[in-house]
Structure formats: structure tokens, C-alpha cells
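First comes the structure, then the notes that go with it.
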Amino acid sequence: MKRLLLAAAFSLFALPALAFQCPVDMGKIDAALAANPSISAEQLAEVQQLRAEGEAEHKAGNHQASVDALAKAKQILGIE
818 MKRLLLAAAF SLFALPALAF QCPVDMGKID AALAANPSIS AEQLAEVQQL
868 RAEGEAEHKA GNHQASVDAL AKAKQILGIE
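In my numbering, the protein residues as written are 818 to 897.
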């Protein structure tokens with residue numbers, strides 16, 4: 818029972834950390850896009866779609882979905 822409560826407590830503390838990560842990731846993506854990355858038009862469209870999806874999920878409070886979408890966009894752009 819203690820382990821379950823401890824796991825629940827840790828997950829509650831993790832949510833705000835994810836919430837703060839989203840704007841940082843969006844900023845990294847925006848900076849990379851402003852630098853005219855050497856990616857195909859299809860990749861650029863996908864990055865833009867993932868960036869928009871990440872922002873929408875963040876605003877909706879779905880931070881894990883936001884982090885996941887933004888991570889895909891960062892991977893395409895080759896940024897950490």
C-alpha cells in the first residue's frame with residue numbers, strides 16, 4: 818500500500834515537470850525552423866503539424882501527449 822501511495826505521489830510531481838518541458842521544446846523547434854533546416858518539404862510539413870499538435874495538447878493539459886508529439890518533431894529536426 819505504501820508503494821502504491823508513493824508511486825501516486827511521484828506521478829503527481831512529474832506532471833508539472835512535463836508541463837514546463839512543453840514550452841521549452843516548442844521554443845527549440847521554433848528556433849530550428851527559423852534557421853531553415855535542411856529537410857524535405859514533407860518533413861517540414863510533418864514538423865509543423867507535430868509542433869501545432871504539441872501546442873494544442875499542452876494547452877489542453879495533455880502534457881504527455883504534447884511531449885511525445887514535440888519529441889517526434891525534434892527527432893526529425895535532429896535536435897535534442
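Cβ atoms here follow ideal geometry from the backbone N, Cα and C, with glycine treated the same way.
Nearest neighbour of Cys839 by Cα position, chosen from Ser857, Ala877, Leu850 and Asn853, turns out to be Ala877. Contact check for Leu867 against Ala886 passes: the beta carbons are separated by less than 9 Å. Non-local beta-carbon contacts of Ser883 in its own chain, meaning distances under 6 Å to residues more than five positions away in sequence, involve Cys839, Gly871, Glu874 and His875 in chain order. DSSP places Ala877 in the coil class of the three-state scheme, outside both helix and strand. Taking C-beta atoms as the reference points, Leu894 and Ala858 fail to come closer than 9 Å.
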